[in-house]
Every structure is written in C-alpha cells, then in structure tokens.
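Numbering (the working numbering), first residue to last: 12 to 126.
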C-alpha cells in the first residue's frame with residue numbers, strides 16, 4: 012500500500028508542478044500582451060497629438076465618455092487617413108465636428124408612426 016501512496020504522491024507533485032508552470036506561462040503571456048497594448052495605445056495617442064488641435068482632442072475625450080467604441084473607430088479612421096497622406100494639416104475642432112456629423116449621418120434613422 013505504501014508504494015501506491017508513494018506513486019500517487021509523486022504523480023500529484025508532477026501535476027502541481029505542471030499547473031504552476033502553466034500558470035506562470037499564462038501570467039507572462041498576459042503581461043506581454045498588456046505591455047504591447049499599452050505601447051500601441053501610446054503610439055496612437057502620439058499620432059493623434061500630431062493630427063488634432065487641443066480643442067479637437069478635448070472634444071474626442073469628452074465624447075469618449077459616452078461613446079468609447081465610436082471614438083475608437085473615429086481615431087482609427089483619422090490615423091489611416093494620415094498614413095495615406097490625405098491629412099495635410101492639423102484637424103481643427105470645426106473639421107472634427109463636420110467629420111462626426113458625416114459619420115453619424117450615415118446611420119439609418121428609424122421613424123415609427125402610429126395610426
């Protein structure tokens with residue numbers, strides 16, 4: 012009986028070691044992904060600082076509080092336009108307002124009338 016107990020104990024130790032290794036690997040992967048996400052966020056912020064005037068950045072920051080996905084989409088579009096060379100100067104608050112109107116105007120308006 013003691014041999015069986017000894018085998019069980021060894022097997023249990025092996026499984027615990029494997030679990031610890033997997034947990035440390037997952038932790039390292041999560042940390043590297045978080046670091047990469049922060050670096051990309053910093054790069055995006057730097058590009059937007061060059062593309063937008065302070066007023067336009069302020070408007071996007073305020074809008075981010077209510078519609079974060081929408082602002083994320085707008086920022087990606089602005090960065091893509093800049094990479095393609097279609098943006099020559101900084102985008103002002105008025106230009107950003109116009110862009111936001113165009114993008115929100117593309118959505119379908121649903122009107123329900125009752126008779």
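All residues carry an ideal CB built from backbone N, CA and C; glycine is no exception. No experiment lies behind these values; they were computed from the predicted model shown.
- Collapsing the DSSP output to three states places residue 102 in a strand.
- DSSP places residue 73 in the uninterrupted alpha helix (DSSP H) bounded by 65-77.
- A residue is called buried once 16 or more other Cβ atoms fall within 10 Å of its Cβ, and residue 62 is buried on that count.
- Using a C-beta cut-off of 8 Å, the region 70-81 makes no contact with the region 27-40, since fewer than three inter-stretch Cβ pairs fall below that distance.
- Between the region 42-56 and the region 91-101 there are fewer than three C-beta pairs closer than 8 Å, too few to call the two in contact.
- With contacts defined by Cβ atoms closer than 8 Å, residue 103 and residue 64 form a contacting pair.
- Counting along the chain, residue 48 sits inside the alpha helix (DSSP H) bounded by residues 13-62.
- Taking residue 82 as the centre and dropping the five residues before and after it, the same chain places the C-beta of 71, 74 and 75 closer than 8 Å to its C-beta, in chain order.
- For residue 126, the secondary structure class from DSSP, reduced to helix, strand or coil, is coil.
- Residues 68 of the same chain have their beta carbon placed closer than 8 Å to that of residue 60, with the five preceding and five following residues left out of the count.
- In this model, residue 57 and residue 26 are separated by some 47 Å (Cα to Cα).
- Distances from the alpha-carbon of residue 115 to those of 98, 78 and 101 put 78 closest.
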